[in-house]
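Each residue of the sequence shown is one higher than the one before, starting from 1087 at the first, in the numbering used here. Note that the Cβ used here is the ideal one computed from N, Cα and C, for glycine as well. For reference, the structure discussed in these notes is given below.
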Amino acid sequence: MPSMYRRKIQVVGGRSFAITLPKGWVMNNKLTPRDHLLLELKDDGSLVLVPEKTAEQPTTSSLQIKESHRVIRDLIWGYLLGYDHIVLVSDKGFSSKLLAETKKTIRGLAGAEIIDEAPNKIEIQILLDPVAVEPTKVLSRQNALVASMINDAVQAFINWDIDRAESAENRDEEVDRHYFTLVRVVRAAIRDLTLSRKLNITPLRLMDIRLVAKLLEEIGDKAASLASMVRTNQEYRPSSQLLDKIQIIGKYLSENQSDAFNAFLNCDPELASNVLSKKNEVSKLVASILSFANSSGEKLFTILRTCFYLEEISNDQVDIADIAAPLFKGNNK
């Protein structure tokens, strides 16, 4: 629980104002007389004190993970929590399958490199400087990838194009990579106000960025799932009536992806409203597709899954746009 202290302002030398610092805070931060503090004036009128030497000295944190059925999940967890030195250990030695899966996971974590490998140990170093990461640029790149995945997944479905479907699926790993990078940096910046200041982004905005990154990651997953249906249902060809409706839905989704993201970036409630309007049109088209498929002998399970992915993408786009609605220009710093 956060600690709260009450202090009385004192006048020093007739002109300067001073307060005493909590002894426990001074001891925990190993401060001594003549050490410097950084003072940050917040827009809400509060004052944040940060020990200067803490802000300037990078810290190294290590994590050891023992092999289990969740070792890959624990590896990702350690990365997202900000550990920069992770050691995987196994009493029996890593199987070739787990070793391959581990290396694939590491390739998907920006800045992560294997620095030592033995039959029963894998040592990983994360060389990612949070200060060098620009969250908004990473988020924009993630959005561009997701937008291209939506377009390719829909067009692959319409033309039953396996190559294009695989292209859309393959980009999902890069979308995840950007998401992991953002979560790691955002968590670090929220913990360290000095880093937040260097990034020139408020903690509140960082939390919004993380939420949007998660929604983009989920849209990417659904676009990849839509594309995979083409690869796994090679004998099926939807009717032209269905494809025409899906083509229109694809157009709405592409427009909404752009509008929703720009609504968030620019805190534009009008664009957010446009996204909701088009989402309603998508819902009408989905209902029409389901009604037609139910009465025309189409492969109903495939159409149900297709409609599910399309409408879920639309819902996630609305969620991104909704973040913009209550924001003001002053929050976008």
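By the DSSP assignment, the beta strand (DSSP E) with residue i in it spans what residues?
i: Glu1220; result: Segment: none, Glu1220 is in no beta strand (DSSP E) and carries neither H nor E.
i: Ser1102; result: Ser1102 to Ala1104
i: His1171; result: His1171 to Val1175
i: Pro1137; result: Leu1133 to Pro1137
i: Leu1127; result: Leu1123 to Leu1127
Name the DSSP bridge partner or partners of residue i?
i: Lys1207; result: Val1175 and Ala1204
i: Ser1148; result: His1171
i: Val1098; result: Ser1102
i: Glu1199; result: Gln1211
Tell me, to the nearest whole angstrom, how far the beta carbon of residue i is from that of residue j; I am working on the premise that it is less than 8 Å.
i: Leu1195; j: Phe1266; result: 6 Å
i: Arg1093; j: Thr1106; result: 6 Å
i: Ala1358; j: Ala1299; result: Contact doesn't hold; Cβ gap of about 18 Å is too wide.
i: Leu1251; j: Val1316; result: Contrary to the premise, residue 1251 reads as Ala rather than Leu in this sequence. Sure, about 4 Å apart at Cβ, within 8 Å.
i: Leu1328; j: Ile1295; result: Not a contact, Cβ separation roughly 37 Å.
i: Ile1332; j: Val1240; result: 7 Å
i: Leu1123; j: Pro1137; result: 6 Å
i: Thr1392; j: Leu1339; result: Thr1392 to Leu1339, Cβ: 13 Å. No contact.
i: Lys1170; j: Ile1208; result: What sits at residue 1170 in the sequence shown is Asp, not Lys. With a Cβ gap of about 15 Å, Asp1170 and Ile1208 do not count as contacting.
i: Val1404; j: Leu1376; result: With a Cβ gap of about 20 Å, Val1404 and Leu1376 do not count as contacting.
i: Asp1354; j: Ala1410; result: 6 Å
i: Leu1184; j: Arg1270; result: 23 Å between Cβ atoms; not a contact.
i: Ile1385; j: Tyr1322; result: The sequence given here places Lys at residue 1385; Ile does not occur at that position. Between Tyr1322 and Lys1385 the Cβ distance is about 5 Å, and since that is below 8 Å, they are a contact.
i: Glu1255; j: Ser1314; result: 6 Å
i: Val1097; j: Phe1103; result: 6 Å
For the alpha helix (DSSP H) that residue i lies in, which residues bound it at each end?
i: Glu1252; result: Ile1248 to Asn1256
i: Leu1161; result: Val1157 to Leu1166
i: Phe1387; result: Leu1386 to Ala1410
i: Thr1188; result: Ser1182 to Arg1193
i: Leu1117; result: No alpha helix (DSSP H) holds Leu1117; DSSP gives it neither H nor E.
i: Leu1281; result: Leu1279 to Leu1285
**Message:** So, does the region 1275-1289 touch the region 1214-1229, judging by three or more C-beta pairs under 8 Å?
**Reply:** yes
**Message:** Give the list of continuous beta strand (DSSP E) stretches no shorter than 3 residues that lie fully inside the region 1290-1350.
**Reply:** none
**4 or more residues per run - each alpha helix (DSSP H) lying fully within the region 1355-1383** = 1355-1382
**Message:** Whether or not the region 1253-1266 and the region 1186-1202 are in contact is what I'm after, with contact meaning three or more pairs of Cβ atoms, one per stretch, closer than 8 Å; do they touch?
**Reply:** yes
**Message:** Contact between the region 1347-1355 and the region 1237-1248 is defined here as three or more beta-carbon pairs at a separation below 8 Å; is this criterion met?
**Reply:** A contact is defined here as three or more CB-CB pairs under 8 Å, and the region 1347-1355 fails this definition with respect to the region 1237-1248.
**Message:** Quick check: the region 1277-1288 against the region 1369-1387, are at least 3 beta-carbon pairs closer than 8 Å?
**Reply:** Judged by pairs of C-beta atoms under 8 Å, the region 1369-1387 does not touch the region 1277-1288, as fewer than three such pairs exist.
**Prompt:** Should the region 1301-1317 be regarded as contacting the region 1199-1215, the criterion being three or more beta carbon pairs within less than 8 Å?
**Reply:** Output reads no: the region 1199-1215 does not touch the region 1301-1317.
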